[in-house]
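K.L.:
Take this structure, written in structure tokens, and hold onto it; I'll ask about it next.
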Amino acid sequence: MIIDSHCHLCKKDYENIDQIIKNMQDNIMIASGADHKSNKEVIELCKKYPNIYGVLGIHPSEITKDIDKHLQFIEEHINDKHIVGIGEIGLDYHYECNKELQKNIFIKQIRLAKKYHKPIVIHTRDAISDTYDILEKEKAYEVNVTIHCFSESLEMAKQFIKKGAKIGIGGVVTFKNAKKLKEVVENIDLKHILLETDSPYLTPEPYRGTKNEPKNVYLVAKKISEIKNIDIQEVLDITTANATTQFDL
Ligand code: NI
6 MIIDSHCHLC KKDYENIDQI IKNMQDNIMI ASGADHKSNK EVIELCKKYP NIYGVLGIHP
66 SEITKDIDKH LQFIEEHIND KHIVGIGEIG LDYHYECNKE LQKNIFIKQI RLAKKYHKPI
126 VIHTRDAISD TYDILEKEKA YEVNVTIHCF SESLEMAKQF IKKGAKIGIG GVVTFKNAKK
186 LKEVVENIDL KHILLETDSP YLTPEPYRGT KNEPKNVYLV AKKISEIKNI DIQEVLDITT
246 ANATTQFDL
């Protein structure tokens, strides 16, 4: 058993989503929303497939003027079958943006998760300090927190782990130049790690450059087993248990 704890399964990205899902056999995927449209698609997938769970959220780069309506939609569906959290939410300062607006929407979604005791899945890019501070100030760790597609330093990983957060590791760990992330994986215990693909992005080696899909999560597990010099089965067993607990699957 393997769990892809974070992937995007949008119609706009895949010609044949059913086939992509079939390729995972009986393994589990947690499909993540990022905007209103993908949130609706996540709900549909969760209804259709017993091995798909979903998280609903508005990504910091997807905030539109309809945001209040879209947040209300998330609240209306937060207790749907197989909806297991709020994500992906957070801060992304990579491109020019309205930081105050991003913070405001991030906070609203953290509060929503706390209201319903749901885990949160965090996206943070070029914004680690504000992300860290908001999680702290909002007492976000009262719910289960995942830092998805972790790309920060080992020191930062340790700080998040101390708070009880899980660290999402994706295809980047297979890249030749991913020295920092390999150091993170080498030095943190497997019990803090979740496997993910972030499909259709960040395809692991040797398929880098093609479209990613959840079945490639196996390549992430394999790379982690090599870095930690342990059996891949141990990686599968422990990360599956981690994700199951984290999202109460
Ligand atoms: Ni994502």
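Those letters in the sequence shown? Residues 6 to 254, by this note's numbering.
C-beta atoms are modelled at their ideal positions from N, C-alpha and C, and glycine is treated no differently.
These numbers come from a predicted model, not from an experiment.
1) Would you say the segment 164-178 touches the segment 187-199, given that touching needs at least three Cβ pairs under 8 Å?
2) What span of residues does the alpha helix (DSSP H) with ILE198 cover, start to end?
3) Which of helix, strand or coil does DSSP assign to GLU46?
4) Assign SER134 to one of two classes, buried (16 or more other C-beta atoms within 10 Å of its C-beta) or exposed (fewer than that).
5) What does DSSP give as the partner residue(s) for ASP97 in the beta ladder?
6) Would HIS75 pass as a contact of GLY95 if the rule is Cβ separation under 9 Å?
7) Alpha carbon to alpha carbon, how far is PHE111 from ILE237?
8) Does the ligand NI have even one heavy atom less than 8 Å from the beta-carbon of CYS102?
9) Taking only the alpha-carbon atoms, compute the straight-line gap between GLY38 and LEU106 and give it to the nearest angstrom.
10) Are LEU117 and ILE83 touching if we call contact CB-CB under 9 Å?
11) Quick one: is the Cβ of GLU20 within less than 8 Å of any heavy atom of the ligand NI?
12) Going by DSSP, which residues form a beta bridge with ALA36?
13) Tell me whether ILE166 sits in a helix, a strand or coil according to DSSP, three-state version.
14) Who are VAL150's beta bridge partners in DSSP?
15) For ILE235, report the span of its beta strand (DSSP E) as first-last.
P.N.:
From the atom records:
1) yes
2) As a working note, residue 198 is residue 193 in the sequence shown. Segment 198-200 is the beta strand (DSSP E) holding ILE198; no alpha helix (DSSP H) there.
3) Stepping through the sequence shown from its first residue, residue 46 is reached at position 41. Correct three-state label for GLU46: helix.
4) Your numbering for residue 134 matches position 129 in the sequence shown. The residue is exposed, with fewer than 16 neighbouring Cβ atoms inside 10 Å.
5) Position 92 of the sequence shown, counted from the first residue, corresponds to residue 97. DSSP output for ASP97 lists ARG130 as bridge partner(s).
6) For the purposes of this step, residue 75 is identified with residue 70 of the sequence shown, where counting begins at 1. For the purposes of this step, residue 95 is identified with residue 90 of the sequence shown, where counting begins at 1. No, the Cβ-Cβ distance between HIS75 and GLY95 is not below 9 Å.
7) Residue 111 sits at position 106 when you count from the first residue of the sequence shown. Residue 237 sits at position 232 when you count from the first residue of the sequence shown. Approximately 36 Å between the Cα atoms of the pair.
8) For this step, residue 102 is matched to residue 97 along the sequence shown. False, no ligand heavy atom lies under 8 Å from that Cβ.
9) Mapped onto the sequence shown, residue 38 falls at position 33. Mapped onto the sequence shown, residue 106 falls at position 101. When rounded, the distance between both Cα atoms is 19 Å.
10) Numbered from its first residue, the sequence shown carries residue 117 at position 112. Numbered from its first residue, the sequence shown carries residue 83 at position 78. The answer is yes: Cβ separation under 9 Å.
11) Position 15 of the sequence shown, counted from the start, is the residue given in the question as residue 20. No.
12) The residue labelled residue 36 in the question sits at position 31 within the sequence shown. ALA36 pairs with CYS12, GLY59.
13) Reading the sequence shown from its first residue, position 161 is the one you call residue 166. Helix, per DSSP.
14) For the purposes of this step, residue 150 is identified with residue 145 of the sequence shown, where counting begins at 1. In the DSSP output, where bridge partners are listed per residue, VAL150 has ILE125.
15) For the purposes of this step, residue 235 is taken as residue 230 along the sequence shown, with counting starting at 1. No beta strand (DSSP E) contains ILE235, which DSSP labels as neither H nor E.
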